[in-house]
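In UniProt numbering, the protein residues as written are 1 to 103.
Don't be surprised by glycine CBs; every beta carbon is placed ideally from N, CA and C.
From a predicted model like this one, the values you see are computed outputs, not experimental measurements.
A short write-up of the structure that comes next.
If you want it as structure tokens, here you go:
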């Protein structure tokens, strides 16, 4: 018996097999990064990150609709903070930013 997808929030619930179509170049790049055995986990993590980004974008849009646009000086400050975090020494190691991003 299958459990309905809506019973679980994004990132939770048992794994279920689905069929998806991906571009050949993306398939190759994933396999080069994680091998064939890590393929599903990599794609699942990527989907979860995209859902998080979509939800964040929706929240930002709702905030902007209610409060108006975010002032440019705050956008600049956030960009500077992001760049400083991204260039942190611990993220410059062998696998760098992408290793932390995938976890």
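How about residue 30 and residue 39: do their beta carbons lie closer than 8 angstroms? By one-based count along the chain shown, residue 30 stands at place 30. By one-based count along the chain shown, residue 39 stands at place 39. Yes; because the gap between Cβ atoms is below 8 angstroms, this pair is in contact.
Mapping the DSSP letters down to three states, classify residue 108 as helix, strand or coil. Here the chain comprises residues numbered 1 to 103, so residue 108 is not present and cannot be evaluated.
Reduced DSSP secondary structure (H/G/I, E/B, other) of residue 61: Position 61 of the chain shown, counting from 1, holds the residue named residue 61. Helix, per DSSP.
Please list the terminal residues of the continuous alpha helix (DSSP H) segment that includes residue 72. Here residue 72 corresponds to residue number 72 of the chain shown, with the count starting at 1. Segment 72-86, the alpha helix (DSSP H) holding residue 72.
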